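Student:
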Amino acid sequence: MITLYYNLAPNPMKVVLFLEEAGLDYATVPVDSRKGEQHAEAFMALNPNGKLPVLVDGDATVFDSNAILLYLAEKTGRFLPPAGDRARGEFFSWLMFVASGIGPYSGQAVHFKHFAPKPQDYAVERYDFEALRHWSIIDARLAGRTHMLGDDYTVVDMAVWGWARMVPFVLGETAWEKLPNIKRWFDAVNARPAAQRAEAIKAKHSFKAEMDEEARRHMFPATVAAKG
Ligand SMILES: N[C@@H](CCC(=O)N[C@@H](CS)C(=O)NCC(=O)O)C(=O)O
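Next comes the structure, spelled out in structure tokens:
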């Protein structure tokens with residue numbers, strides 16, 4: 001039995017999309033990061049980094065969303081190019097580009113633009129710039145291609161989709177005008193029944209909505225430490 005520890009943020013949602021696409025049976029355990037549940041001892045034993053998502057599959061525990069996508073793709077033999085195929089190299093490059101570029105820069109852009117405790121002009125400019133630069137590379141990649149690797153829909157598309165849901169929050173309401181190829185691809189992925197089932201997970205559990213003092217304390221411990 002597969003169990004997914006999740007919340008509704010970009011990284012867990014990529015994995016929800018895979019599970020729905022593959023039609024795997026899975027149970028969900030909500031972990032409310034705004035209430036600090038990611039720091040509970042039992043959860044930290046699954047992921048010492050204290051972040052979502054985590055997947056438990058029998059006696060295997062996997063954390064970090066892109067590692068989970070790779071694990072599931074290998075387990076099912078689906079949504080990845082065959083070993084030795086020319087596309088396999090591209091697959092790894094783009095997946096790592098999402099893991100090390102799109103995710104971290106988008107996350108930091110959101111943090112400094114929406115949640116940082118005081119005006120942080122330099123940080124806002126740097127991460128806004130870098131987030132848009134990374135998203136523009138994805139946009140160029142999708143020009144003339146149906147999916148990130150061409151005709152085949154793979155785990156790379158799922159990894160991008162998790163974060164693409166957040167593009168207006170990351171880059172501003174007019175961002176789609178600058179990223180027309182991503183918008184066309186995003187609309188097509190959203191139209192997939194699995195993407196609609198993935199979005200429907202929102203109705204399953206309710207998570208704390210307020211980014212109040214308690215949520216900041218749990219999610220941004222560095223800010224609390226700096227205040228002393
Ligand atoms: N590299 C990790 C990042 C995980 C991550 O940052 N998860 C966020 C949700 S998208 C989280 O758990 N945040 C709670 C916190 O930072 O306390 C992955 O891809 O899974």
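Take the sequence shown: its position 87, counted from the start at 1, is 87 in full-length UniProt numbering, and no numbers get skipped.
Even for Gly, the Cβ is constructed at its ideal location relative to N, Cα and C.
As the structure is a prediction and not an experimental result, all values here were calculated from the model.
Tell me Phe-63's beta-bridge partners as DSSP assigns them.
Tutor: For the purposes of this step, residue 63 is taken as the residue at position 63 of the sequence shown. Bridge partners of Phe-63: Val-54.
Student: Within the continuous alpha helix (DSSP H) that includes Ile-137, where are the two ends?
Tutor: The residue labelled residue 137 in the question sits at position 137 within the sequence shown. Note, Ile-137: alpha helix (DSSP H), 121-142.
Student: If you draw a straight line from the alpha carbon of Lys-178 to that of Met-1, how long is it in whole angstroms?
Tutor: By one-based count along the sequence shown, residue 178 stands at place 178. By one-based count along the sequence shown, residue 1 stands at place 1. About 42 Å.
Student: Give the single residue among Leu-19, Val-170, Arg-88, Leu-132 whose Cα lies nearest to the Cα of Leu-55.
Tutor: Looking up residue 55 in the sequence shown gives position 55. Residue Leu-19 is the option with its Cα nearest to Leu-55.
Student: Please name the residue, chosen from Ala-116, Lys-183, Tyr-71, that lies closest to Ala-143 on a Cα-to-Cα basis.
Tutor: Looking up residue 143 in the sequence shown gives position 143. For the residues Ala-116, Lys-183, Tyr-71, the minimum Cα distance to Ala-143 belongs to Lys-183.
Student: Skipping 5 residues on each side, what residues in its chain have a beta carbon closer than 7 Å to that of Arg-78?
Tutor: As a position in the sequence shown, residue 78 is number 78, starting the count at 1. Cβ within range, chain order: Ala-22.
Student: Can Ser-33 be considered in contact with ligand 1, in the sense that its beta carbon sits closer than 8 Å to one or more heavy atoms?
Tutor: Translated into positions along the sequence shown, residue 33 becomes position 33. Yes, since a heavy atom of ligand 1 falls inside the 8 Å radius drawn around the Cβ of Ser-33.
Student: Could you tell me whether any non-hydrogen atom of ligand 1 is closer than 8 Å to the CB of Ser-106?
Tutor: Taking the sequence shown and counting its residues from 1, one reaches residue 106 at position 106. No, Cβ of Ser-106 sits at least 8 Å from all heavy atoms of ligand 1.
Student: Name, in chain order, the residues that DSSP records as bridge partners for Ala-215.
Tutor: Counting from 1 along the sequence shown, the entry for residue 215 is found at position 215. None, per the DSSP bridge assignment.
Student: Give the straight-line distance between the Cα atoms of Gly-58 and Tyr-71, rounded to the nearest whole angstrom.
Tutor: Here residue 58 refers to the residue found at position 58 when the sequence shown is read from its first residue. Here residue 71 refers to the residue found at position 71 when the sequence shown is read from its first residue. Approximately 13 Å, taken between the alpha carbons.
Student: Kindly give me the distance between the Cβ atoms of Val-167 and Trp-94, rounded to whole angstroms, as I take these residues to be in contact under 8 Å.
Tutor: Your numbering for residue 167 matches position 167 in the sequence shown. Your numbering for residue 94 matches position 94 in the sequence shown. Contact flag wrong, Cβ pair sits at about 17 Å.
Student: Kindly confirm or deny that the stretch 126-143 and the stretch 188-198 touch, where touching means at least three C-beta pairs closer than 8 Å.
Tutor: Contact between the stretch 126-143 and the stretch 188-198 is absent, because fewer than three Cβ pairs lie under 8 Å.
Student: Would you call Leu-9 buried or exposed, if buried means 16 or more other Cβ atoms sit within 10 Å of its Cβ?
Tutor: Along the sequence shown, read from residue 1 onward, the residue named residue 9 stands at position 9. It should be noted that the sequence gives Ala, not Leu, for residue 9. Counting Cβ neighbours within 10 Å, Ala-9 comes out buried, since at least 16 surround it.
Student: On the DSSP letters alone, give me the boundaries of the alpha helix (DSSP H) that Tyr-105 sits inside.
Tutor: Here residue 105 refers to the residue found at position 105 of the sequence shown. Here the alpha helix (DSSP H) through Tyr-105 covers 103-110.
Student: Using the rule of at least 16 other Cβ atoms within 10 Å of the residue's Cβ for burial, across every protein chain shown, is Phe-115 buried or exposed?
Tutor: As a working mapping, residue 115 is identified with position 115 in the sequence shown. It counts as exposed.
Student: Between Asn-66 and Tyr-5, is the Cβ-Cβ spacing less than 9 Å?
Tutor: For this step, residue 66 is matched to residue 66 along the sequence shown. For this step, residue 5 is matched to residue 5 along the sequence shown. No, the Cβ-Cβ distance between Asn-66 and Tyr-5 is not below 9 Å.
Student: Just confirm the distance between the C-beta atoms of Val-15 and Ile-201, as a whole number of angstroms; I'd bet it's less than 8 Å.
Tutor: For the purposes of this step, residue 15 is taken as residue 15 along the sequence shown, with counting starting at 1. For the purposes of this step, residue 201 is taken as residue 201 along the sequence shown, with counting starting at 1. Their Cβ separation, rounded to whole angstroms, is 11 Å, which puts Val-15 and Ile-201 out of contact at 8 Å.
Student: Determine the extent of the alpha helix (DSSP H) in which Lys-17 is found, giving its start and end residues.
Tutor: Here residue 17 is taken as the residue at index 17 of the sequence shown, counted from 1. Checking the displayed sequence, the identity of residue 17 turns out to be Leu instead of Lys. 10-22 is the extent of the alpha helix (DSSP H) around Leu-17.
Student: How about Ala-109 and Leu-52: are their beta carbons less than 9 Å apart?
Tutor: The count along the sequence shown starts at 1 and reaches residue 109 at position 109. The count along the sequence shown starts at 1 and reaches residue 52 at position 52. Against a cut-off of 9 Å, the Cβ pair of Leu-52 and Ala-109 comes out as no contact.
Student: Is DSSP giving His-114 helix, strand or coil here?
Tutor: Within the sequence shown, numbered from 1, the residue matching residue 114 stands at position 114. If DSSP states are grouped into helix, strand and coil, His-114 belongs with the helices.
Student: What residue range is occupied by the uninterrupted beta strand (DSSP E) comprising Ile-182?
Tutor: Within the sequence shown, residue 182 is the residue found at index 182, counting from 1. Note, Ile-182: premise wrong, no beta strand (DSSP E); alpha helix (DSSP H) at 180-190.
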